[in-house]
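*Asks:* Quick note: the sequence shown uses our numbering, first residue -2, plus one each step.
Backbone N, C-alpha and C fix where the C-beta goes; we use that ideal spot for every residue, glycine too.
Sharing a structure with you now.
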Amino acid sequence: RRVRGRWRRTDFIIFTVCHFFVLALLNTYVYGVERRMRAESEGTTRCLADWQGRRLRVAYAILASMYATWTVLLIKSIGELVKETFRGNNQLLRWETYMILLGALFSAPSQLRYLNAGLRHFEALFIVPVFYAFWVFGSITVGGIYFDEFVGFKHWQYGVFAAGVVINVGGVAVLASRSLSSPVEPPLTPVHTRIAVSTTSTKDEIPQQPSAERTFFSYMPSLPWTTQRTPAVPDPGAATQRSSTSTV
């Protein structure tokens, strides 16, 4: 009853509607860009301009953080339901429990999907900080609305919290304004193709010795009692020279 009452609060309903609206917009935008990437450049960002790449990497990070916000909220709600079940009030008989569980099973893979897509196409030094910043901001907002964590705040505490949010968003804006560290690669021209083919044919003519796979123990210094000695191979020429010397 307590969890259901929190979901029916007016402020939480307003937050949910706004959050879902932004999620729908970002999902539509990313789907369209990824469809173009699959059609024009085999799923890479080669077909995108620099500003389009900057916009896409921000969308990936924000989408992953928004799904992560819902994952945290739903998992925490499931924890409360499990706690009430062990106290004797069985929550498994209510349909709301399974709706929350289905929501968590959808939000967690979606979070990983967009985070991995962002890391695959762009640099981790941008994706991870932006994802973490928006995730923290979203989790704090949900905690204040859903779990009443802002109740009892004084005026100066609201001011400090607002200043922290401004610094957080400002840092993200600075990161988003940076140009791509790995610019879009131009398509291969016939000259590049001939160079690549000639390089490949040259490498194929020279037999390469298979390199031994290096493991962790390959970088450790060899100890005297663990070093295997290679048996010496007798030299026929040296044996003949020794025999002639002894004969003389």
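Would DSSP call Thr41 helix, strand or coil?
*Replies:* coil
*Asks:* The ligand GDP and Arg33: does any heavy atom of the ligand fall closer than 7 angstroms to the residue's C-beta?
*Replies:* Summarising the ligand content, the structure contains no ligands, and the ligand GDP is consequently not present.
*Asks:* DSSP state of Asp145, grouped into three classes?
*Replies:* Residue state, collapsed to three classes: coil.
*Asks:* In this structure, how does DSSP classify Leu99 when only helix, strand and coil are distinguished?
*Replies:* helix
*Asks:* Could you name the residues of the same chain whose beta carbon sits closer than 7 angstroms to that of His16, not counting the 5 residues immediately before and after it, in chain order?
*Replies:* Closer than 7 angstroms at Cβ, skipping near neighbours: Met63.
*Asks:* Give every residue of the same chain whose Cβ lies closer than 7 angstroms to the Cβ of Ala101, excluding the five residues on either side of it in the sequence, and list them in chain order.
*Replies:* Thr68, Leu71, Ile72, Ile75
*Asks:* Could you please give the first and the last residue of the uninterrupted alpha helix (DSSP H) stretch that includes Glu70?
*Replies:* In the sequence as presented, Glu is not what sits at residue 70; that position holds Leu. 47 to 83 is the extent of the alpha helix (DSSP H) around Leu70.
*Asks:* Ordered along the chain, which non-local residues of its own chain (more than five positions away) have a Cβ less than 7 angstroms from that of Ala36?
*Replies:* none
*Asks:* Per DSSP, what kind of secondary structure is Phe128 in: helix, strand or coil?
*Replies:* Phe128: helix per DSSP, three-state reduction.
*Asks:* With a threshold of 7 angstroms on Cβ separation, who are the neighbours of Ala65 within its own chain once the five nearest residues in sequence on each side are excluded?
*Replies:* Gln108, Trp132
*Asks:* Which whole-angstrom value describes the C-beta separation of Tyr268 and Phe9, a residue pair presumed to lie in contact below a C-beta threshold of 8 angstroms?
*Replies:* In the structure as shown, the chain begins at -2 and stops at 245. Residue 268 is therefore absent and cannot be evaluated.
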